[in-house]
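Colleague: The structure under discussion is supplied below as structure tokens; questions concerning it will follow.
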Amino acid sequence: MSEGDPARPVVVVAHRGPVSFVDVDGDREMRRGAGGLVTALRGLRGYLEDGVWVCAALSDADRAAVADSGDKPFEVDGGYRVRMVALDPDEHHRFYAIIANPILWFIQHYLWDLSNAPDITGNEIEAFEHGYVPINRAIGEAAAEEVERAGGRALVMIHDYHFYLVGPEIRRRCPDALVHHFIHIPWPQPDAWRVLPGWMRRRLIEGLLACDIVAFHTERFARNFVLTCRELLDLRVDMDSLTVDVGDRTVAARWYPISIDAADLEEQASGQEVDLEERRIENGRREFLILRVDRTDLSKNILRGFKAFDQLLDDHPELSGRVSFLALLQPSRQDVDEYVEYVERIRRLVADINLKHGNPEWQPISLQMGDALPRAMAAYRQYDVLVVNSVFDGMNLVAKEGVLLNRRNGVLVLSEHTGVHEELGAFALTVHPFDIQALADAMYAAIAMPQDERRTRLNACAAVVRGNDLAKWLRVQLDDLAVVEAGRAELNRSEVRSP
Ligand code: F6P
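So my numbering is basically just the index in the sequence shown, starting at one, shifted up by 2.
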């Protein structure tokens with residue numbers, strides 16, 4: 003493998019696939035897969051010529067497509083192959099709705115209210131043993147088959163918290179594979195993992211240690227991972243090179259801030275549908291537009307965002323009728339109780355604030371639920387203030403998309419606990435996500451900021467995003483993997499480079 007060019011065939015493993023199927027009037031149609039990660043990983047297409055993307059079959063139509071393809075990979079547009087794996091629906095429910103979301107997601111974003119939750123009962127243990135474990139095994143077996151089909155020497159790129167146990171499956175069956183695991187959400191400090199019984203957390207972390215590189219979006223997350231290995235597994239680590247010794251192997255923790263495909267996003271945003279949506283927003287907007295675009299995820303801190311807006315209107319009555327808050331929210335994980343309750347709380351709070359401050363001509367908050375990409379892109383163009391106030395966030399691509407498309411010198415108000423803050427924090431208004439008054443003040447400061455300063459900040463953000471684009475994200479990882487491969491017999495720690 004030479005730098006930036008994987009001579010090994012690539013096997014991508016991610017829960018969601020690059021395509022999904024839907025039944026339309028009895029016909030099966032292939033659609034582009036949903037979600038930020040899928041969008042980002044589509045950048046791997048160019049590397050998948052001899053490779054394959056392994057993912058879960060998530061709908062009935064997906065499962066029917068798997069049955070028709072006889073469990074073999076099928077070609078999709080763009081000339082690469084996808085191997086969907088049909089999974090037992092009950093096992094998948096336990097895996098997704100009990101273990102991956104919420105347990106792992108909540109631990110890794112520090113979301114648990116520990117005096118109340120989580121309860122680890124027989125239900126959770128069963129969900130782990132008869133959900134997370136078998137789903138990881140099934141996906142791992144499918145991925146290992148693809149590695150074997152490619153001659154055993156593939157580069158396996160596993161993604162996210164769904165598949166912490168896939169690495170060992172690959173390592174066991176395909177010892178010559180190069181295994182890389184990218185975790186797109188925060189890795190918390192070691193004690194956060196003590197919520198899980200010792201045997202369970204050990205199994206998850208040891209699963210990751212079957213890989214050659216474990217990757218994150220920020221150095222802090224990589225550091226937390228190495229500390230976790232030292233404190234919870236008592237392993238020998240090197241905090242300078244961020245490596246962990248596991249028997250006769252060395253595992254490297256690395257960080258690579260993910261990005262967006264700027265050219266692709268700009269092309270998508272150039273369509274007529276986006277122009278139409280923009281005109282609608284323009285016609286309905288007030289003097290100032292505050293925007294947020296999010297999945298209804300607890301980590302996104304949507305309630306405190308609205309509370310801060312309420313505070314802004316209390317503090318600045320002169321803004322009444324002159325500012326509106328557009329919230330484009332995509333319902334997420336509605337098979338998980340906490341997420342269902344969260345959506346209800348969002349709706350209630352918005353109704354309260356609109357009742358308190360609104361009048362027949364002006365509703366301060368426009369809450370729009372759904373998945374409307376053209377509208378989101380139009381709103382990105384139109385915002386004066388983009389609010390990204392996540393409690394914790396691995397990266398947050400909304401911030402990157404917004405600054406690239408905005409046309410009004412909009413100001414980014416950004417939580418210091420997002421991965422993207424490392425790149426854009428210097429040009430944004432930084433907020434502490436729990437400080438509601440500070441968020442209200444930042445919204446005001448953004449609105450009141452002179453146009454010149456707004457322009458300078460926006461241009462600087464957009465330049466960072468263009469400079470650190472998706473191609474660079476991939477290239478740096480492949481370079482590091484080439485170094486790992488070259489030093490396989492004796493890993494040269496100093497040469498495993500960070501970006
Ligand atoms: O990395 C976080 C992630 O898994 C991304 O793929 C995506 O943005 C989000 O969470 C979607 O979650 P889900 O697949 O549960 O809808």
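Each residue gets a CB set at the ideal place from its N, CA and C atoms; glycine is no exception.
Could you check what DSSP says for LYS474 in three-state terms: helix, strand or coil?
Modeller: Reduced to three states, the DSSP call for LYS474 is helix.
Colleague: Let me know the secondary structure DSSP gives PHE436 once reduced to three states.
Modeller: Coil, per DSSP.
Colleague: Taking 8 Å as the threshold, find out whether the stretch 258-274 comes into contact with the stretch 288-302 through three or more Cβ pairs.
Modeller: The stretch 258-274, when compared against the stretch 288-302, does not touch it at the 8 Å Cβ threshold.
Colleague: The beta strand (DSSP E) that contains GLU31, what's its start and end?
Modeller: First-last of the beta strand (DSSP E) with GLU31: 29-34.
Colleague: Can you tell me the Cβ-Cβ gap for ILE215 and HIS182, rounded? I've got them flagged as a contact below 8 Å.
Modeller: Right, the Cβ-Cβ distance comes to about 5 Å (below 8 Å), so this counts as a contact.
Colleague: Quick check on MET379: does DSSP put it in helix, strand or coil?
Modeller: In the structure shown, MET379 sits in a helix (DSSP, three-state: H, G or I).
Colleague: I'd like the list of long-range same chain contacts for GLU131, defined as Cβ closer than 7 Å, with 5 residues on each side in sequence excluded.
Modeller: Contacts found: none.
Colleague: If we call anything under 8 Å between Cβ atoms a contact, is VAL12 one with LEU198?
Modeller: Contact flag unset, no.
Colleague: Report the rounded CA-to-CA distance for GLU150 versus ASN125, giving the unit in angstroms.
Modeller: The alpha-carbon atoms of GLU150 and ASN125 are separated by roughly 36 Å.
Colleague: From MET202 to SER392, what does the alpha carbon distance come to, in whole angstroms?
Modeller: Taking the straight line from one Cα to the other gives about 28 Å.
Colleague: Let me confirm a value: LEU278 is counted as buried when at least 16 other C-beta atoms fall within 10 Å, else exposed. Which label applies?
Modeller: Answer is exposed; the Cβ neighbour count stays below 16.
Colleague: Using C-beta distances below 7 Å, list every residue in its chain close to PRO188, excluding the 5 sequence neighbours before and after it, in chain order.
Modeller: If we look at PRO188 and ignore the five residues flanking it on each side, its Cβ neighbours are GLN110, HIS111, PHE223, PHE394, GLY396.
Colleague: Threshold first: 3 residues or longer. Then list the beta strand (DSSP E) segments lying entirely within the stretch 322-366, N to C.
Modeller: The stretch 322-366 contains these whole beta strand (DSSP E) runs: 325-332.
Colleague: In angstroms, rounded to a whole number, what distance separates the CA positions of TYR163 and LEU321?
Modeller: Approximately 43 Å, taken between the alpha carbons.
Colleague: Between GLY209 and GLY169, which are expected to be in contact by the criterion C-beta below 8 Å, what is the C-beta distance as a whole number of angstroms?
Modeller: Yes, they are in contact, since the Cβ atoms of GLY209 and GLY169 sit about 6 Å apart, within 8 Å.
Colleague: So, is SER261 buried or exposed, given that buried needs 16 or more other C-beta atoms within 10 angstroms?
Modeller: Buried, because 16 or more other Cβ atoms sit within 10 Å of the Cβ of SER261.
Colleague: What's the call for VAL26, buried or exposed, on a 16-neighbour Cβ count within 10 Å?
Modeller: Flag for VAL26 reads exposed.
Colleague: In its own chain, which residues sit with a C-beta less than 7 Å from the C-beta of GLY19, not counting the 5 before and 5 after it?
Modeller: Contacts found: GLY35, TRP55, CYS57, VAL84, MET86.
Colleague: So what's ARG139 in DSSP terms, helix, strand or just coil?
Modeller: It is helical.
Colleague: Is the beta carbon of ALA16 less than 8 Å from the beta carbon of ALA59?
Modeller: Against a cut-off of 8 Å, the Cβ pair of ALA59 and ALA16 comes out as no contact.
Colleague: Tell me whether the beta-carbon of ILE100 lies closer than 8 Å to the beta-carbon of ALA129.
Modeller: In contact: ILE100 and ALA129 (Cβ atoms closer than 8 Å).
Colleague: DSSP beta-bridge partners for SER243?
Modeller: Partner(s): none; SER243 has no beta bridge.
Colleague: Determine, using beta carbons only, whether VAL239 and CYS213 come nearer to each other than 8 Å.
Modeller: No, the pair does not count as a contact, with Cβ atoms beyond the cut-off.
Colleague: So the beta strand (DSSP E) ILE101 belongs to, where does it begin and stop?
Modeller: Taken as a continuous stretch (DSSP letters only), ILE101 belongs to no beta strand (DSSP E), as it is neither H nor E.
Colleague: Among GLN332, HIS359, GLY404, which has the Cα closest to the Cα of LEU369?
Modeller: The shortest C-alpha separation from LEU369 is found at GLN332.
Colleague: Flag this pair as yes or no: are the beta carbons of PRO190 and GLU425 separated by less than 8 Å?
Modeller: Their beta carbons are not under 8 Å apart, which means PRO190 does not touch GLU425 by this criterion.
Colleague: Could you check which residue in ARG256, ASN398, ARG335 has the C-alpha nearest to that of GLU418?
Modeller: Among ARG256, ASN398, ARG335, the Cα nearest to that of GLU418 is on ASN398.
Colleague: Taking 7 Å as the cut-off, does the CB of ASP250 come closer than this to any heavy atom belonging to ligand 1?
Modeller: Checking every heavy atom of ligand 1 against the Cβ of ASP250, none is found closer than 7 Å.
Colleague: Smallest Cα separation from GLU51: which of ALA67, PRO75, SER326?
Modeller: Among ALA67, PRO75, SER326, the Cα nearest to that of GLU51 is on PRO75.
Colleague: Could you tell me whether any non-hydrogen atom of ligand 1 is closer than 7 Å to the CB of ASP354?
Modeller: Incorrect: ASP354 has no Cβ contact closer than 7 Å to ligand 1.
Colleague: Kindly examine ligand 1 and report whether one of its heavy atoms sits closer than 7 Å to the Cβ of ASN411.
Modeller: It does not: the Cβ of ASN411 is nowhere closer than 7 Å to a heavy atom of ligand 1.
Colleague: Could you check what DSSP says for ASP395 in three-state terms: helix, strand or coil?
Modeller: It is a strand residue.
Colleague: Kindly identify the DSSP beta-bridge partner or partners of TYR258.
Modeller: Answer by DSSP bridge pairing: none, since TYR258 is not bridged.
Colleague: Given a cut-off of 8 Å on the beta-carbon distance, is the pair VAL413 and ARG456 in contact?
Modeller: Against a cut-off of 8 Å, the Cβ pair of ARG456 and VAL413 comes out as a contact.
Colleague: Check each candidate in ARG44, SER326, VAL405, ILE137 and name the one with the smallest Cα separation from GLY81.
Modeller: Looking at the Cα atoms, ARG44 is the closest of the given residues.
Colleague: Measuring CA to CA, which of LYS309, LEU314, ASP247 is closest to ASP354?
Modeller: It is LYS309 whose Cα lies nearest to the Cα of ASP354.
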